[in-house]
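Residue numbers (my numbering): 10 to 291.
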């Protein structure tokens with residue numbers, strides 16, 4: 010191969026993996042063009058996360074707001090499928106890394122994806138507001154379109170908590186950030202409009218306030234993260250709890266831990282034809 014052909018092949022390979030996130034050479038590691046030795050000891054993990062995703066460092070207020078959202082989502086006990094799956098995997102001899110991966114892989118559209126879906130909904134409400142609609146009218150219109158497809162509104166209501174204890178502190182911090190000019194507050198107003206509309210619709214019934222997915226969606230959207238990163242950031246947050254639970258389980262000495270204690274046997278389902286007959290009779 011000629012020198013020019015060799016150089017061309019080298020350039021092609023270099024362009025194949027071209028990235029602005031990091032640059033590695035012998036004796037040199039740069040993250041977003043910043044030498045890693047200048048970051049170590051001077052930049053925290055949350056700021057480094059922002060740096061890698063956004064290309065710059067956050068302001069102290071931006072960093073504090075992002076950290077609050079990440080802290081809020083770290084764990085929800087074995088009631089969360091991701092935590093339960095990681096604990097079961099840890100007893101199956103797959104290793105800690107695979108136990109964590111098992112839990113992370115449970116974070117799909119239903120468990121773990123509501124934050125992304127909520128950001129998308131808030132963006133739709135905000136777009137109508139920018140077009141001249143009031144917040145409540147915009148919220149009601151978007152909610153009606155979404156609930157025509159599914160009765161669930163992402164980011165609102167919780168199967169376990171009547172009021173999610175993480176809602177109020179996260180929204181209070183967001184309100185403080187709005188007052189300080191750190192964020193604009195449009196996504197916060199959109200979420201509050203959804204809550205008001207739900208409260209009016211369900212007068213006298215169990216309230217459906219914002220949950221952790223909704224509150225963190227507000228923060229991620231206010232900080233300028235695209236909707237898919239709301240899920241990605243939740244994955245990073247929940248990975249902390251998944252790791253802690255998987256590690257704890259490895260010290261329990263149990264093997265092949267199932268989803269229910271051995272003393273509890275699954276109920277027997279009647280044959281499909283019998284169930285069909287019973288349903289038709291009723």
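We put the beta carbon where it would ideally sit given N, CA and C, even for glycine.
Counting C-beta neighbours from all protein chains within 10 Å, is the total for residue 112 16 or more, i.e. buried, or is it exposed?
Here the question's residue 112 lines up with position 103 in the chain shown. Classification of residue 112: buried, given that the 10 Å Cβ count is 16 or more.
Beta carbon of residue 179, beta carbon of residue 78: below 8 Å?
Here the question's residue 179 lines up with position 170 in the chain shown. Here the question's residue 78 lines up with position 69 in the chain shown. It is a contact, given that the beta carbons lie within the stated cut-off.
To the nearest angstrom, how far is it from the Cα of residue 285 to the Cα of residue 277?
Sequence index remark: in the chain shown, residue 285 carries index 276 (1-based). Sequence index remark: in the chain shown, residue 277 carries index 268 (1-based). If I take the Cα positions, the gap works out to 16 Å.
Measuring only the C-alpha atoms, how far is residue 209 from residue 156?
As a first step, residue 209 is located in the chain shown; it is residue number 200 there, counting from the start. As a first step, residue 156 is located in the chain shown; it is residue number 147 there, counting from the start. Roughly 16 Å separates the two Cα atoms.
Quick one: residues in its chain with C-beta nearer than 6 Å to the C-beta of residue 99, no 5 flanking neighbours on either side, listed in chain order?
One-based indexing of the chain shown puts residue 99 at position 90. Counting only Cβ-Cβ distances below 6 Å, and skipping sequence neighbours, we find 108, 255, 258 and 259.
Assuming residue 59 and residue 75 make a contact with CB atoms under 8 Å, what is their CB distance in whole Å?
Here residue 59 refers to the residue found at position 50 of the chain shown. Here residue 75 refers to the residue found at position 66 of the chain shown. For residue 59 against residue 75, the beta-carbon gap comes to about 6 Å, under 8 Å, which counts as contact.
Sorted by chain position, which residues of the same chain lie with C-beta nearer than 6 Å to residue 123's C-beta, five sequence neighbours on each side aside?
Within the chain shown, the letter at position 114 stands for residue 123. Hits under 6 Å: 163, 164 and 222.
Are the Cβ atoms of residue 200 and residue 70 separated by less than 8 Å?
As a first step, residue 200 is located in the chain shown; it is residue number 191 there, counting from the start. As a first step, residue 70 is located in the chain shown; it is residue number 61 there, counting from the start. Taking 8 Å as the Cβ cut-off, residue 200 and residue 70 do not qualify as a contacting pair.
Excluding the 5 residues preceding and the 5 following residue 226 in the sequence, name in chain order all residues of the same chain whose CB lies nearer than 7 Å to its CB.
For the purposes of this step, residue 226 is taken as the residue at position 217 of the chain shown. So the list reads 124, 127, 128, 131, 164 and 239, once near-sequence residues are dropped.
Nearest CA to the CA of residue 121: which residue from 245, 261 and 55?
Translated into positions along the chain shown, residue 121 becomes position 112. Considering only alpha carbons, the answer is 245.
Which value, in whole angstroms, describes the spacing of the CA atoms of residue 55 and residue 230?
Position 46 of the chain shown, counted from the start, is the residue given in the question as residue 55. Position 221 of the chain shown, counted from the start, is the residue given in the question as residue 230. Cα-Cα distance, rounded: 17 Å.
What residue range is occupied by the uninterrupted beta strand (DSSP E) comprising residue 32?
Working through the chain shown from its first residue, we reach residue 32 at position 23. Here the beta strand (DSSP E) through residue 32 covers 31-34.
Under 6 Å Cβ to Cβ from residue 32, same chain only, skipping five residues before and after it: list those, please.
On the chain shown, residue 32 is found 23 positions in, with the first residue counted as 1. Hits under 6 Å: 39.
Assign residue 243 to one of three DSSP states: helix, strand, or coil.
One-based indexing of the chain shown puts residue 243 at position 234. Note: residue 243 maps to helix in three-state DSSP.
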